[in-house]
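Taken in order, these protein sequences are the chains called A and B. Add 2 to a position in the first sequence, counting from 1, and you land on the number used in the numbering used here. Add 2 to a position in the second sequence, counting from 1, and you land on the number used in the numbering used here.
Protein chains: 2
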Amino acid sequence: MHFTKAQIDALEKHTRTHLINSLSGYKSANLIGTQDLQGNTNLSIVSSVIHLGAHPPLVGMIMRPHSVPRHTFENILQSGVYTINQINKSIYKQAHQTSARYDKEESEFDATGLTPQYFDDFTAPFVQESRLKYAVKFVENQHLAINGTELVIGEIMDVYLDKAALQSDGFLDLQAIETVAITGLDSYHTSNKLTRLPYAKK
Amino acid sequence: MHFTKAQIDALEKHTRTHLINSLSGYKSANLIGTQDLQGNTNLSIVSSVIHLGAHPPLVGMIMRPHSVPRHTFENILQSGVYTINQINKSIYKQAHQTSARYDKEESEFDATGLTPQYFDDFTAPFVQESRLKYAVKFVENQHLAINGTELVIGEIMDVYLDKAALQSDGFLDLQAIETVAITGLDSYHTSNKLTRLPYAKK
Chain A
3 MHFTKAQIDA
13 LEKHTRTHLI
23 NSLSGYKSAN
33 LIGTQDLQGN
43 TNLSIVSSVI
53 HLGAHPPLVG
63 MIMRPHSVPR
73 HTFENILQSG
83 VYTINQINKS
93 IYKQAHQTSA
103 RYDKEESEFD
113 ATGLTPQYFD
123 DFTAPFVQES
133 RLKYAVKFVE
143 NQHLAINGTE
153 LVIGEIMDVY
163 LDKAALQSDG
173 FLDLQAIETV
183 AITGLDSYHT
193 SNKLTRLPYA
203 KK
Chain B
3 MHFTKAQIDA
13 LEKHTRTHLI
23 NSLSGYKSAN
33 LIGTQDLQGN
43 TNLSIVSSVI
53 HLGAHPPLVG
63 MIMRPHSVPR
73 HTFENILQSG
83 VYTINQINKS
93 IYKQAHQTSA
103 RYDKEESEFD
113 ATGLTPQYFD
123 DFTAPFVQES
133 RLKYAVKFVE
143 NQHLAINGTE
153 LVIGEIMDVY
163 LDKAALQSDG
173 FLDLQAIETV
183 AITGLDSYHT
193 SNKLTRLPYA
203 KK
């Protein structure tokens, strides 16, 4: 099958949204935990977390400032910190529910029944039910003028994980801790490991 | 378990690379097809393809200019076009092999046995064995000064897909066409669909 550019442009808006969101493949499923300076907590599902580098350890995510995760972006700019919590099979329905349009004073923790968790003096809330989560210090945002999105870049600080995931070479087995992936806008998946492959040589 | 920032910094380099690469969750697995102005084809596996928007249809990817995919980035800048080809279960080993350090005159198509495919007058090669692939027109790159990577932004043009993937609302069933996901640097996975969830409301 073939969709030309003109045919894609002519698709009904939601159909086009589903189609284009499916093209980028499996997406990482995470909850972003933040808190504003008044102590209001926020939790939002984000499918655009992306590895940027290991030396230094950097993570990126794409945010739409004028859409649902606005509170998240504002809280990050205000507080300078956030948490990234991988979503697992036990909490994906609650995680999805955080995408509803709650007011700033309503916490998605209360609305979904997920449990806020704090470590040491880090002010952003973690999700207790997540089995792999980390503290992130905001570094910078790059505005993408072409469509008004923001690439938010952060430095990975403390990492908290279920030890079932950790392998001897540092690799984390996400299947063992039932981390889920997203396809399109709304489909959730667990995984079947095929294999790990050795470093490729000519 | 808890890794502090200081413990992460002190990890052996490859251990840290595996650990940090695992934090971002499931990654999209794609082959990027390009051609230079002399007609040399290149194919490189990229795990950083990311949805940027559907209106207009935009896709991003992170490239390390001084690392393996340099030929890909140079070819994109030269030719202005590239292809993104989802990797499926039948070709993931060949796809992984494209990450070896081939010279610019050596085509990864020849080296791996994957088949170049051309549509109409689009000059970048597709991967015939891929069941979901699309033509991309280069729009811009944003240099991320913090670690020297580049965010490459492209506009999605023609889309070619196995009709087994297409559902009535535009959603593509990646499990039906055996698209794979990557975790860490080198682990490949197929998926088990849990469910699609409805648009979340308060």
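For each residue, glycine too, the CB sits at the ideal point set by N, CA and C. The structure displayed is predicted, hence computed values, not measured ones.
| Check | Outcome |
| --- | --- |
| Cα separation between residue 113 of chain A and residue 187 of chain A? | 21 Å |
| Give me, in chain order, the residues of the same chain whose beta-carbon lies closer than 6 Å to that of residue 197 of chain A; leave out the 5 immediate sequence neighbours on both sides. | none |
| Am I right that residue 161 of chain B and residue 120 of chain B are in contact with their C-beta atoms under 8 Å? What's the rounded C-beta distance? | About 16 Å; that fails the 8 Å criterion. |
| If you run the structure through DSSP and keep just helix, strand and coil, what is residue 45 of chain A? | strand |
| Take the Cβ of residue 55 of chain A as the centre, count every other Cβ of all protein chains shown within 10 Å, and call the residue buried at 16 or more, exposed below. | buried |
| Counting C-beta neighbours from all protein chains within 10 Å, is the total for residue 92 of chain B 16 or more, i.e. buried, or is it exposed? | exposed |
| For residue 110 of chain A, count neighbouring C-beta atoms within 10 Å of its own C-beta (all shown protein chains included) and say buried if the count is 16 or more, exposed if not. | buried |
| Step through the CB atoms of chain A and report whether any lies within less than 8 Å of the CB of residue 99 of chain B. | yes |
| Tell me the DSSP secondary structure of residue 136 of chain A in three-state form. | strand |
| Say whether chain B places a C-beta atom closer than 8 Å to the C-beta of residue 12 of chain A. | no |
| Could you say if the segment 73-85 of chain A and the segment 22-29 of chain A meet the contact criterion of at least three C-beta pairs nearer than 8 Å? | no |
| For residue 24 of chain A, does the three-state DSSP call read helix, strand or coil? | helix |
| Look at residue 179 of chain A and residue 134 of chain A and say whether their C-beta atoms are less than 8 Å apart. | yes |
| Which class does residue 53 of chain A belong to by DSSP, given the choice of helix, strand or coil? | strand |
| With respect to the beta strand (DSSP E) encompassing residue 198 of chain A, which residues constitute its N-terminal and C-terminal limits? | 189-198 |
| What would DSSP say about residue 33 of chain A, mapped onto helix, strand or coil? | strand |
| Once you ignore the five residues that flank residue 98 of chain B on each side, which residues in its own chain have a CB closer than 8 Å to its CB? | 47, 188, 190 |
| Let me confirm a value: residue 96 of chain B is counted as buried when at least 16 other C-beta atoms fall within 10 Å, else exposed. Which label applies? | buried |
| Can you list, in chain order, the residues of its chain with a C-beta nearer than 8 Å to that of residue 117 of chain A? Leave out the 5 residues immediately preceding and following it. | 111, 129, 130, 131 |
| Just to confirm, is the Cβ distance from residue 36 of chain B to residue 74 of chain B under 8 Å? | yes |
| Using a Cβ cut-off of 9 Å, which residues of the segment 23-37 of chain A contact any Cβ in chain B, in chain order? | 23, 24, 25, 26, 27, 28, 29, 30, 31, 32 |
| Alpha carbons only, please: which of A:64, A:174, A:40 is nearest the one belonging to residue 49 of chain A? | A:64 |
| Can you tell me which of the three DSSP states residue 9 of chain B falls into? | helix |
| Say whether chain A places a C-beta atom closer than 8 Å to the C-beta of residue 161 of chain B. | yes |
| Residue 19 of chain B: buried (16+ other C-beta within 10 angstroms of its C-beta) or exposed? | buried |
| Measuring CA to CA, which of A:21, A:156, A:107 is closest to residue 53 of chain A? | A:156 |
| Along the beta strand (DSSP E) that carries residue 110 of chain B, what are the first and last residues, could you check? | Careful: residue 110 of chain B lies outside any beta strand (DSSP E), inside the alpha helix (DSSP H) at 110-114. |
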